[in-house]
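Chains as they are written, first to last, in the numbering used here: chain E, 1 to 759; chain G, 1001 to 1546.
Right, here's the structure in full:
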């Protein structure tokens, strides 16, 4: 285990700078915000510094470089670093357990690096830099963002620092602190176009939905703290401590981890807390890329991956399998549900949003299965079991990597498409001078007449935007898991492991079936998206006028295309064997070529007949059935005279052929109740809204009423009661001597009888 | 050395205020208006000097006191001289790690309040009254004599009463009277408790500071040390029944001040009608008098009764927390919502106390402090909102981010701080209370359901703050017009002095959120001292161990 006996404290000079990975972006937040406030609109600030974009860029680059140095140091050491610098005692306090003295406890901040950290650190810092590059090309060329991009870049860097901090923190407490920081930034960025009611409501929804998950997370953390007396990884993952806890409170531990998992469900947008993610598309596209690829949604996965040492602990053997099942099932259900909803989306970004949800669900399923295996197999002593566990865990983490790269690329590419469609729209109407109804277009960039995100306004863009189309093609292929590309290497692993577990534990047939069906569904909706956007003839005049995009946007697309395509190399390097286990060297002992050959062999010529067949079923579903159906429905060749790049031509030709040969009318499905339900997101949002409005708002209004009527009413009646009492008393002051004499005599008599009676 | 320093801390603001008020009392309106600006400056400089002094005390520049390691019932900067010998009344002052943060907070909020309400009308009388408020509040926190404590306790009502009555909103007359009578009634019950406490002292036991005529004393230090002895070995100081009754009487006075549900309805009325400066001091420091009083008197004197009433306190805390939060959700008035959020946050303090854990108590102390920094900012935002848009209704003004970016930023910051965003001051306290609560639940076998309330409130708090921001900061595209109350004038942003106050408050909110140890270490030390010096010796052996 990554317990303290294995961990080493390394004092290399780069380690001392590790906090800068977090601090640099955090400080530049203040700098950009301040400079933006002061120099807003100044030509130098606007054109040369790109309203802060060129301050953020070097900062993110520095973070990436420092991260890479840290990672390389780590890889030399091959084991977990507890604390790279002295832990800062943050909160010092004490508890009393009924004994003769109080026990002091401390919550501190430090940095912790292990295999999981390394993976996410790279993903986050690398993608943040690329998205930053993209943003300069995207945000600064749209007049609607004029003079407020400093806000975007400031919040952007704060978001990145939140993610980097979360990954590097050495305790669940600081994980949570940075986690909330990200929540804040997502709120600010989703609500970037604050004047739009839809954005305002989406921002609120995102924050509130994740907050509901966070509530459970906090309770889980508090319970965990109670069990271990600390939230530091070094303490809670310590073998001895886990043994102590396992002896008395394995059940409580499972509850604590389960509650923490609900936090992850909220953050990573899994059913039933998924509703915020599609709405989060209200933010600018770079924000979508940031949330969906580099940061926010990975946070939930990271949290669950962090729990791995509990599942893998000998002392807890077989105690946590229920939770593993829940994790896998939530993943499985979400995978299918999100994919189904993605079928009917017309909005380019919404398709990608549901695809994110679905792919994250795959990773959850993968993690759940890996954890089940780690929890039920004797993997510390049995070499084969050990191999199974680390491959299962590795598949999940590698899918996180592949998905992040592909999804980052897809969002940026979609942003580029939207950006250009948008510009074409303006360009067209600017020159056409159709009449009054378009006269104000330049002021109101988001008018109701035209939706630049709708795929109904695209089509045939493959020839107009070759780099974007290629990036999108590769990204989609990676998500679909087309053989040899990107996500294939990890997705197959997840599916295989789900079925492996299902053989042990029949409950797991549910997630296993879900991920298998999900493969076909992914194939369909991702291909549908690509063909609707890039294949066929332009669906309207705007799409016919789209031009190529700028360098700031192209560069990250190019880099990510390359990374996604070279996934096989990473797989060969041993990325598929990733585990939080210090006894396993994560870089393969084989040479690169051997590794690649091994991975190929393992993937396509599995010696186990069951997995051999399973692999080909999955490939058939994901790479033939799904895309085939999409081609038949939405494929088509480009318009006359338009040519695509040579590597896209076969795809387009094939789709045109499929479309001509197998096209069928699917309007019956489109009008079915089920499809309408899908379009309405299965009415889940509606139910939530209703619950909010009727139950929560209704109840709180009643309580507020009770507060003023009953509680304050009581006080007021005491007030008026004492007033009328005093009025009554005052009324006895008549001023008449006879009355006074009467009262005095009555009083005297009463006193007399009282004394007499008492005596 | 420097032991006399509390005397000017209390006396100077009061004297200065009286002098300034006397100075303008006979002047006509024109002279007052002319004098407003210099008086404001005098008050600002004066209160800043107080801040310099207390800050110097923190940095050990004055007195060389580290504020840690002060054992229970010992005080620094203590100073005592006989006042009314016959009754055993002293001018007794002193500070420990319980009162010092509150004193610093008061001196911190005075200049900030003056800056935030720089342009308040009738400044010639307003600023001296604010100063007097500060003096009275410091007096409460440094008093070590029951008599003095009560005098200052009631003295705080007077400036606040006038602040509400003379600078308040439409229903200020009703609100100020309600505020005064409500809290005064509670104080009378407390006074009865204090006098009973005085008379039930055992005169056969010679006491250091006893009076010549009564043989009894009002000296808190003497009473506390006496109670410590009498409470030991399973005995109850003053006997079980009297201790319980006294505990209830004192707690009642403090719970009304805090305020805890169901004694809270004076607060929203007072806040809504009070001027911004009044609200800032009311929420920032005055509410904390209740919590401070609990720690200083009932908790220190009657640990047995505390243990006896632990469940009751927990219930009161939970109800305040949840009820306050739910009522917030149903509010349409911005300031009322913020006022109820204070009720909810004060519930956290009561829960922290009811956990009977050092961590819970330290959390309660830190909550007092953090809320003292955050809530003035909340009310400063409300005040600016009202000042500029002439309305307090949520939804009266939308798209503030566009029209008033500074106000929008301040509002979002304050709201986020209040809903417990990590790295801002409030989070630490909330987290510690949760941990302490769960620790107590697990150790003493309480029901897990006690966690439901606090957990629920984490979500509810976010809900009402986000909901109100959506309708103020956000939205307001082209179709939403500025409120009619502006009569078509351009929407203004906050003034420079308001900006400055917001920035100061925000900086300190971040400071205490990122580096909570600055204040928390001494608070934690105080709780450890009181537990090891008082609670453990008295309750430890008889608690049977958890």
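The C-beta atom is built at its ideal place from N, Cα and C for all residues, glycine as well.
Because the structure is a prediction, the values reported are computed rather than measured.
Residue i burial status per 10 Å Cβ neighbour count (16 or more: buried)
i              : result
residue 254/E  : buried
residue 1107/G : buried
residue 653/E  : exposed
residue 755/E  : exposed
residue 1004/G : exposed
residue 647/E  : exposed
residue 1304/G : buried
residue 1241/G : exposed
residue 9/E    : Residue confidence is low: residue 9/E scores 48 on pLDDT, short of 50, so the model does not pin down where it sits. Its coordinate-derived value is still stated next. So residue 9/E counts as exposed.
residue 749/E  : exposed
residue 1039/G : buried
residue 1316/G : buried
residue 1100/G : buried
residue 1208/G : exposed
DSSP state of residue i mapped onto helix, strand, coil
i              : result
residue 63/E   : helix
residue 1112/G : helix
residue 90/E   : strand
residue 763/E  : Coverage of chain E is limited to positions 1 through 759, which leaves residue 763/E absent and any answer about it impossible.
residue 1293/G : helix
residue 107/E  : strand
residue 1132/G : helix
residue 1068/G : coil
residue 1410/G : helix
residue 1528/G : helix
residue 196/E  : coil
residue 1200/G : coil
residue 220/E  : helix
residue 1234/G : coil
residue 440/E  : For residue 440/E, the predicted structure reports a pLDDT of 39, less than 50, and the residue's modelled location is therefore unreliable. A value from the coordinates is still provided. Of the three classes helix, strand and coil, the one that applies to residue 440/E here is coil, per DSSP.
residue 1398/G : coil
Residue i - partner residues in DSSP beta bridges
i              : result
residue 1091/G : 1081/G
residue 1076/G : 1095/G
residue 1444/G : Partner(s): none; residue 1444/G has no beta bridge.
residue 599/E  : According to DSSP, residue 599/E bridges with nothing at all.
residue 1333/G : 1393/G
residue 1219/G : 1145/G
residue 232/E  : 171/E
residue 347/E  : 454/E
residue 95/E   : 103/E
heavy atom of the ligand ADP below 6 angstroms from residue i C-beta
i              : result
residue 1179/G : Looking at this structure, you won't find the ligand ADP or any other ligand, since it has none at all.
Listed in chain order, which residues of the segment 82-106 of chain E have Cβ atoms closer than 8 angstroms to some Cβ of chain G?
Taking 8 angstroms as the Cβ-Cβ cut-off against chain G, the residues of the segment 82-106 of chain E that qualify are 89, 90, 91, 92, 93, 94, 95, 96, 97, 98, 99, 100, 101, 102, 104, 105.
Residues of the segment 706-718 of chain E in Cβ contact with chain G at a cutoff of 7 angstroms, in chain order, please.
Interface annotation for the segment 706-718 of chain E against chain G: 707, 711, 712, 715, criterion Cβ-Cβ distance under 7 angstroms.
Under 8 angstroms, with one C-beta from each stretch per pair, do the segment 1449-1456 of chain G and the segment 682-696 of chain E reach the 3-pair mark?
Flag = no, the segment 1449-1456 of chain G and the segment 682-696 of chain E do not touch.
Does the segment 161-174 of chain E come within contact of the segment 21-30 of chain E, defined as at least 3 CB pairs closer than 8 angstroms?
With the rule of 3 Cβ pairs closer than 8 angstroms, the segment 161-174 of chain E counts as touching the segment 21-30 of chain E.
Contact set between the segment 210-236 of chain E and chain G, restricted to residues whose Cβ is under 7 angstroms from the partner:
Residues passing the 7 angstroms Cβ filter: 211, 212, 215, 218, 219, 222, 223, 225, 226.
When you compare the segment 302-314 of chain E with the segment 370-381 of chain E, are there three or more beta-carbon pairs, one atom per stretch, that lie closer than 8 angstroms?
Because the criterion of three Cβ pairs below 8 angstroms is met, the segment 302-314 of chain E and the segment 370-381 of chain E touch.
Any C-beta of chain G within less than 7 angstroms: which residues of the segment 140-158 of chain E qualify?
Of all residues in the segment 140-158 of chain E, none is placed with a Cβ closer than 7 angstroms to any Cβ belonging to chain G.
Please determine if the segment 1232-1249 of chain G and the segment 1333-1348 of chain G are in contact, where contact requires at least 3 C-beta pairs separated by less than 8 angstroms.
Judged by Cβ distances under 8 angstroms, the segment 1232-1249 of chain G makes no contact with the segment 1333-1348 of chain G, as fewer than three pairs qualify.
Say whether the segment 1111-1118 of chain G touches the segment 1135-1147 of chain G, bearing in mind that this needs 3 or more beta-carbon pairs closer than 8 angstroms, one atom from each stretch.
With contact defined as three or more Cβ pairs closer than 8 angstroms, the segment 1111-1118 of chain G and the segment 1135-1147 of chain G are not in contact.
Tell me which residues of the segment 1388-1416 of chain G have at least one Cβ-Cβ distance to chain E shorter than 7 angstroms, keeping chain order.
Answer in chain order: 1399, 1401, 1402, 1416.
Does the count of Cβ pairs from the segment 1358-1372 of chain G and the segment 1425-1439 of chain G closer than 8 angstroms reach three?
Inter-segment contact for the segment 1358-1372 of chain G and the segment 1425-1439 of chain G is present: three or more beta-carbon pairs are separated by less than 8 angstroms.
Is there contact between the segment 448-468 of chain E and the segment 388-401 of chain E, where contact requires at least three CB pairs shorter than 8 angstroms?
Too few Cβ pairs lie closer than 8 angstroms, so no.
Check distances from the C-beta atoms of the segment 1341-1358 of chain G to those of chain E and list, in chain order, the residues that come in under 8 angstroms.
Residues of the segment 1341-1358 of chain G with a Cβ closer than 8 angstroms to any Cβ of chain E, in chain order: 1356, 1357, 1358.
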